[in-house]
Structures are given as C-alpha cells and as structure tokens.
Amino acid sequence: MLRKWRCVICGDEIIEGQRFTVLRDGFVHLECLFEKLVKEGRLSQDIAALMDAVEVLNYLIVRIKEAKRLASSREVIDMLEAVRIDAEKHAAQISSLLERMAGLGGERG
Ligand SMILES: [Zn+2]
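In my numbering, the protein residues as written are 23 to 131.
What follows is the structure in structure tokens.
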C-alpha cells in the first residue's frame, strides 16, 4: 500500500514517479525546492550537486524496493535490503547537508 505525502512547499500530493526528497520539515518536490532556492537566490553549484545526488539516491531506493519484490531467495533479499539501508542513510546525510548549505528548515534561528 502506498502512503501519501504532501509537498511542504506547494501543498500538492507527491505522486509516485515524481522527483522528491525529504527535508526536516517534510517531503518536497525537487522542482518546488529548486524553484524556491532560485527565487530566494540561494541556489549554488554545491546545492545543485547535492540535489542531483539525492534525486539519484531516491530513484535508486525506489528501484531497489521494486527489485526486492521480485526476489525470492533470502540471499538476494538480504543483499537488496542492505543496499536500500545504505542508500537511505546516504540520502538522509545528503538531505541534511543540503538543508544546512541552503539555510533551510532552521528558521527558528
Ligand atoms: Zn511541491
């Protein structure tokens, strides 16, 4: 069953297949985040690089979950699960660095 998430920037639902990431404040479409950072003059090359990387990792996570559904042997399932956990860890680290570099989510000063 699919959970439903809303983008904290535009308020629309995030549909499977859309590019998104998770920030401290919640889920966001990558397009919405990109637009917000451009408008606020906060988009740097480093931030663009991090957004690219997090997009690839999120795609990887989705694909690995699909691969896991196809797998039947314990060995393969365990391997895919290890890859997913690693990718999620790195995606979280990248998101957190992205937030720090873009000055997001820390509005309480
Ligand atoms: Zn959005």
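Here a beta-carbon is modelled for each residue, glycine too, at the ideal position from N, C-alpha and C.
Computed from a predicted structure; not experimentally measured.
How long is the line joining the alpha carbons of residue i and residue j, rounded to whole angstroms?
i: residue 51; j: residue 31; result: 8 Å
i: residue 33; j: residue 45; result: 14 Å
i: residue 97; j: residue 76; result: 27 Å
i: residue 43; j: residue 110; result: 11 Å
i: residue 82; j: residue 114; result: 14 Å
i: residue 13; j: residue 86; result: Nothing can be reported for residue 13, as the shown portion of the chain is limited to 23 through 131.
i: residue 130; j: residue 99; result: With a pLDDT of only 45 at residue 130, under 50, the local geometry of the prediction cannot be trusted, and the value read off the model is given with reservation. Cα to Cα, the separation comes out at about 42 Å.
i: residue 27; j: residue 62; result: 25 Å
i: residue 60; j: residue 79; result: 23 Å
If you follow the alpha helix (DSSP H) that residue i is part of, which residue opens it and which one closes it?
i: residue 60; result: 52–61
i: residue 70; result: 67–92
i: residue 126; result: Note, residue 126: premise wrong, no alpha helix (DSSP H); not H, not E.
State the start and end residues of the unbroken beta strand (DSSP E) segment that holds residue i.
i: residue 44; result: 42–45
Would you list the residues sitting across from residue i in a DSSP beta bridge?
i: residue 36; result: 27
(message) Under 7 Å, CB to any heavy atom of ligand 1. Which residues pass, going along the chain?
(response) Checking every Cβ against the heavy atoms of ligand 1 under 7 Å gives 29, 31, 32, 34, 50, 51, 53, 54.
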